[in-house]
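Q:
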Amino acid sequence: MVSNDILQFFFSLLYQESGLLLDESKRYLIETRLEPVAAQEGFASIDALGKKLMERNDALLRQTVVDAMTTNETSFFRDKSHFEILRDEIIPRLIQSNEKTKKIRIWCAACSTGQEPYSIGIHLKEIGVKLKDWDIQILATDISEPVLSQARLGVYSQHEVQRGLSAPQLLRYFSKEGLAWKISSEIRNMVQFRKLNLLADLSSVGTSDIIFCRNILIYFDLKTKKNVINKLFDLLNLGGSLFLGGSEAFMGIKTSLVRVEAKKACYYKKENISQNGGTDSRSGMKRRGVCQT
Amino acid sequence: MKVLIVDDNSAIRDVLKKMLDEMGIRTIETCHGKEAISKLENNTDIKLVILDWNMPEMNGIELLDWLCSQNKLSYSPKIMVVTTENEVNKIEMAMEKGADEYIMMPFTKEILEGKLSILGIEKESHV
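Below you can see the structure in the form of structure tokens.
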């Protein structure tokens, strides 16, 4: 069992490096995720790993710890409703609003091992003919280089491809390599992967029409959450849409994003303040006005 | 609404039944294709047939052929193959013959739930 001093040290290190906020209730997470790291790096225990980092600021080892702790659960087409909203609501709206430029920019802000951006790529291919000749770019970022390397490879186990993908999608967009399945170059080439810490300067990201930032804000404290949401707001084009995880909300955070409920789920839209409130006459979707809690 | 499980391996049938029970979905079982046909003819509320590839009497592909040939049943259940066969040509063959979904073993309850969701199979509120 990890000693309390070392546990507190890791909590502080993770908050500082990644904004990840953990407490005693997440002791198991430290133990299950850092035990393999300690063994792999030649330490007898997690305590020994922590002591080494306390004594010496080893940037590489710190990053290894951050990588192990920030790798999040993911699967293809996670939160099916979000993809239905994308197909039925957001893409049709973008096809109208971006008709002149024929460009759509999508950013997956915490893409983990790539299932989310590839699902979006597959989904856009399946939406099909209306997006033919459009310049669509999906930027996928994550704080961890190892998960990005895995994402870039686009190789998944049998278990991973069966979580969320239909059999026709598997046959159409993957090829079998030994026991694993590799994403087709057609989908792979739609996605650009880049290492990015959401706490850092995000100006290099550029603005997007759609941002997916799912299941990451829950790990941040209020201050960090506000900071990240403000950055996301700035990086959304007017009319753009933001998806958060199913259990995430703007509780306690003032934002001008409008919550839109659809398909038993919700997303947030950036609009002119004067347009807020009421019902979207085009979509009939319910709105809840400006989020200023 | 029921799901028909067709598999000669009783352990696999038990696992599938347990998973579906936990999802609130009723099941009936048979251990080969021929027996499955009589169940299908006598239970018009079967919404999904889960079938194994390799079985005695009538195997999964033969049953798939029977199910997808015209006018054999007055209703159209969805068909999902659940098998250890994990080669692309086998999946392609099953899908071309008319299967709606395919699960390669081993699988988890989460995978099964995901596939049912793709097929639009949900427990009925009164079940």
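Protein sequence lines correspond, in order, to chains A and B. Under this note's numbering, think of the first position of the first sequence as 1315, with each following residue one higher. Under this note's numbering, think of the first position of the second sequence as 1101, with each following residue one higher. Glycine included, every Cβ here is placed at the ideal spot set by N, Cα and C.
Answer with yes or no whether the minimum CB distance from S1138/B to chain A is below 8 Å.
A: no
Q: Going by other Cβ atoms of all chains shown within 10 Å of its Cβ, with 16 needed for buried, is T1184/B buried or exposed?
A: Label assigned to T1184/B: exposed.
Q: Considering only residues of the same chain and omitting the five flanking positions on each side of Q1472/A, which have a CB-CB separation below 8 Å?
A: Answer for Q1472/A: L1493, A1494 and W1495, listed in chain order.
Q: Could you tell me the distance, in whole angstroms, from the CA atom of K1416/A to the CA atom of L1408/A?
A: 9 Å
Q: For a contact meaning CB atoms closer than 8 Å, what does N1154/B contact in chain A?
A: Residues of chain A passing the Cβ test: none, with the nearest at roughly 18 Å.
Q: What are the start and end residues of the beta strand (DSSP E) that includes D1449/A?
A: D1449 to D1456
Q: Report the CB separation of L1219/B from E1201/B in whole angstroms; it is logged as a contact under 8 Å.
A: Rounded, the Cβ-Cβ distance is 6 Å, consistent with contact.
Q: Closer than 9 Å between beta carbons: that is the criterion. Which residues of the region 1168-1197 of chain B meet it against chain A?
A: M1180, V1181, N1186, E1187, V1188, I1191, E1192, A1194 and M1195
Q: What does the alpha-carbon distance come out to for the pair C1425/A and E1141/B?
A: 48 Å
Q: Can you tell which of E1187/B, S1110/B, I1146/B and E1135/B has its C-alpha closest to the C-alpha of I1125/B?
A: I1125/B has its Cα closest to that of I1146/B, out of E1187/B, S1110/B, I1146/B and E1135/B.
Q: Please list, in chain order, the chain A residues whose beta carbon lies closer than 7 Å to that of G1214/B.
A: R1477 and G1478
Q: By the DSSP assignment, the beta strand (DSSP E) with L1552/A in it spans what residues?
A: L1550 to L1558
Q: Would you mind giving the Cβ-Cβ distance between I1344/A and A1352/A, rounded to the nearest angstrom? I have them listed as a contact below 8 Å.
A: With 8 Å as the limit, I1344/A and A1352/A do not qualify as a contact, their Cβ atoms being about 11 Å apart.
Q: In the DSSP assignment, what are the bridge partners of R1573/A?
A: Y1582/A
Q: Look at S1498/A and F1488/A and say whether their C-beta atoms are less than 8 Å apart.
A: For S1498/A and F1488/A, yes; Cβs fall inside 8 Å.
Q: Would K1209/B pass as an interface residue toward chain A - the criterion being a Cβ-Cβ separation below 8 Å?
A: no
Q: Could you check the C-alpha separation between L1546/A and I1221/B for me, to the nearest Å?
A: 37 Å
Q: Who are the Cβ neighbours of D1449/A in its own chain at under 7 Å, not counting the five residues just before and after it?
A: Scanning its chain for C-beta atoms nearer than 7 Å, with the 5 sequence neighbours on each side dropped, one finds around D1449/A the residues K1416 and K1417, in chain order.
Q: Answer yes or no: does any C-beta atom of chain B fall closer than 8 Å to that of A1576/A?
A: no
Q: Taking a cut of 7 Å between CB atoms, which residues from the region 1547-1558 of chain A lie near chain B?
A: none
Q: List in chain order: all unbroken alpha helix (DSSP H) runs of 4+ residues lying wholly within the region 1122-1173 of chain B.
A: 1133-1142 and 1160-1168
Q: In this structure, does DSSP put A1373/A in helix, strand or coil?
A: helix
Q: Would you call the CB atoms of G1478/A and R1502/A closer than 8 Å?
A: Contact flag unset, no.
Q: Assuming I1203/B and Q1476/A form a contact by the criterion Cβ under 8 Å, report the distance between their Cβ atoms to the nearest whole angstrom.
A: 6 Å
Q: Answer with buried or exposed for L1536/A, where buried requires no fewer than 16 other C-beta atoms within 10 angstroms of its C-beta.
A: exposed
Q: Where do the N-terminal and C-terminal ends of the alpha helix (DSSP H) with F1397/A fall, by residue?
A: K1394 to I1399
Q: Using a Cβ-Cβ cut-off of 8 Å, state whether L1609/A counts as contacting chain B.
A: Since the displayed chain A opens at 1315 and closes at 1607, residue 1609/A lies outside it and no answer follows.
Q: What residues in the region 1479-1491 of chain A have a beta carbon less than 8 Å from any beta carbon of chain E?
A: Given the protein chain composition of this structure (A and B), no chain E is represented.
Q: Kindly say whether K1439/A, judged by its beta-carbon, lies nearer than 8 Å to any beta-carbon of chain B.
A: no
Q: Does K1394/A come within less than 8 Å of chain B when only Cβ atoms are used?
A: yes
Q: For I1568/A, which of L1335/A, N1544/A, I1434/A and N1371/A has the nearest alpha-carbon?
A: First, the residue type needs correcting, since residue 1568/A is Lys and not Ile in the sequence shown. When only C-alpha atoms are compared, the closest one is N1544/A.
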